[in-house]
Every structure is written in structure tokens, then in C-alpha cells.
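Numbering (UniProt numbering), first residue to last: 1 to 144.
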């Protein structure tokens, strides 16, 4: 049997304005194997206060949307996007909107993921992880 959770249970608003980063992090950390994260067709803004850096990490791993070491998870029906979009003459490091590390059999279904904006690069939150710790068997179904 699978367990369904949603970000609203963790304090998210899903209005596309409020910064729902912490609620989504807590939801992703709480989802059990064979679970479903149902975004309920809502829009979740994340990383509203992060503007990027030119060196180092934009944030520690425990402050990012990271599905880590999970198996047989489905994320479905909604939108997650980086708040505070910016255009810059400089290239910045910024957080990946959704990071999937060390996971197996992950489905992302009917989900729209949007990134930071123009001239942002080096958004691989897994950069310092070796290949074996990265995700496997990740399926994107009906991306929106």
C-alpha cells in the first residue's frame, strides 16, 4: 500500500507567491518509500530569498528541495518554480529547483518545474556527489 502526502500538510500555501521551500523540503523528507507527493494542482514558489552566488554553494544540501535515498516515489500534479527570477550580466550558481539523489524508480507525473532565469548556470546540486549516489530510473511522465 502506498502513502499519499501533500505539501499543505507541511504548511505550504501553493499560491505561487508565498515561499513554500521549507514545507516542500519537509514533505520530501517525510515521504516513505512507495509514497506519493501530490502537489494538488497548485503552484509552489521556492527559494524566494536566494539570489545566487558566484563561487561556492548557493545553499547547504539540507536547505534545498532534495529527494534523497528514496525508492518507488511518485511526485504528481502541480508546479514548482524558483521565485525571484532575475536577469543578470554575470553567471551565478543557483539551486536546482528539484534534486533527486540516490533514489530508484522515481516518477514525476504532470509536474511543471521552472528554473531561476536568464544567465544562471551551474545549478547541479549533485555536483559534489559521485555517480553512484545520483538517482536511477527516474521517469518524467506528461511534463507540463
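Beta carbons are placed, not taken as given, at the ideal position from N, Cα and C, and that holds for glycine. Just so we're clear, the structure is a prediction, and the values are computed from it rather than from any experiment.
With a 10 Å radius around its C-beta and 16 neighbouring C-beta atoms as the bar for buried, classify residue 41 as buried or exposed.
Taking the chain shown and counting its residues from 1, one reaches residue 41 at position 41. Flag for residue 41 reads exposed.
Roughly how many angstroms separate the alpha carbons of residue 68 and residue 19, rounded to a whole number?
For the purposes of this step, residue 68 is identified with residue 68 of the chain shown, where counting begins at 1. For the purposes of this step, residue 19 is identified with residue 19 of the chain shown, where counting begins at 1. Cα to Cα, the separation comes out at about 21 Å.
Alpha carbon to alpha carbon, what distance is there between residue 30 and residue 8?
Working through the chain shown from its first residue, we reach residue 8 at position 8. Working through the chain shown from its first residue, we reach residue 30 at position 30. If I take the Cα positions, the gap works out to 13 Å.
Using three-state DSSP, classify residue 21 as helix, strand or coil.
As a position in the chain shown, residue 21 is number 21, starting the count at 1. In the structure shown, residue 21 sits in a helix (DSSP, three-state: H, G or I).
Output the boundary residues of the beta strand (DSSP E) element that contains residue 74.
Counting from 1 along the chain shown, the entry for residue 74 is found at position 74. Run containing residue 74: 71-82, per the beta strand (DSSP E) assignment.
Would you kindly work out how many angstroms separate the C-alpha atoms of residue 62 and residue 76, rounded to a whole number?
The sequence position of residue 62 within the chain shown is 62, counting from 1. The sequence position of residue 76 within the chain shown is 76, counting from 1. Cα to Cα, the separation comes out at about 22 Å.
Report the residue from 48, 3, 104 whose alpha carbon sits nearest the alpha carbon of residue 27.
On the chain shown, position 27 is the one that residue 27 refers to. Minimum Cα distance to residue 27 is reached at 3.
Buried versus exposed, by CB contacts within 10 Å (16 or more), residue 120
Here residue 120 refers to the residue found at position 120 when the chain shown is read from its first residue. Residue confidence is low: residue 120 scores 43 on pLDDT, short of 50, so the model does not pin down where it sits. Its coordinate-derived value is still stated next. Buried, since its Cβ has 16 or more Cβ neighbours within 10 Å.
Near residue 34, what residues of its chain come up, given a Cβ to Cβ distance below 6 Å and the 5 sequence neighbours on each side ignored?
The count along the chain shown starts at 1 and reaches residue 34 at position 34. Excluding positions up to five away in sequence, the list reads 2, 72.
Residue range of the unbroken beta strand (DSSP E) whose run includes residue 151:
No information on residue 151 is available, as it lies outside the stretch 1 to 144 that the chain covers here.
Just reading off the beta strand (DSSP E) that residue 31 is part of, what are its end residues?
As a first step, residue 31 must be located in the chain shown, where it is residue number 31. Here residue 31 belongs to no beta strand (DSSP E), and DSSP marks it neither H nor E.
Identify the continuous beta strand (DSSP E) that holds residue 67 and give its terminal residues.
For the purposes of this step, residue 67 is identified with residue 67 of the chain shown, where counting begins at 1. It spans 66-68 - the beta strand (DSSP E) in which residue 67 sits, taken as one unbroken run.
What does the alpha-carbon distance come out to for the pair residue 70 and residue 104?
Sequence index remark: in the chain shown, residue 70 carries index 70 (1-based). Sequence index remark: in the chain shown, residue 104 carries index 104 (1-based). Distance between the alpha carbons of residue 70 and residue 104: 7 Å.
Assumed close pair residue 45, residue 17 - CB separation to whole angstroms, cut-off 8 Å
Residue numbering aside, residue 45 sits at position 45 when the chain shown is read from its first letter. Residue numbering aside, residue 17 sits at position 17 when the chain shown is read from its first letter. About 6 Å separates the two Cβ atoms, so the contact holds.
Rounded straight-line distance, which links the Cα of residue 113 to that of residue 66
Residue numbering aside, residue 66 sits at position 66 when the chain shown is read from its first letter. Residue numbering aside, residue 113 sits at position 113 when the chain shown is read from its first letter. The straight-line gap from Cα to Cα measures roughly 14 Å.
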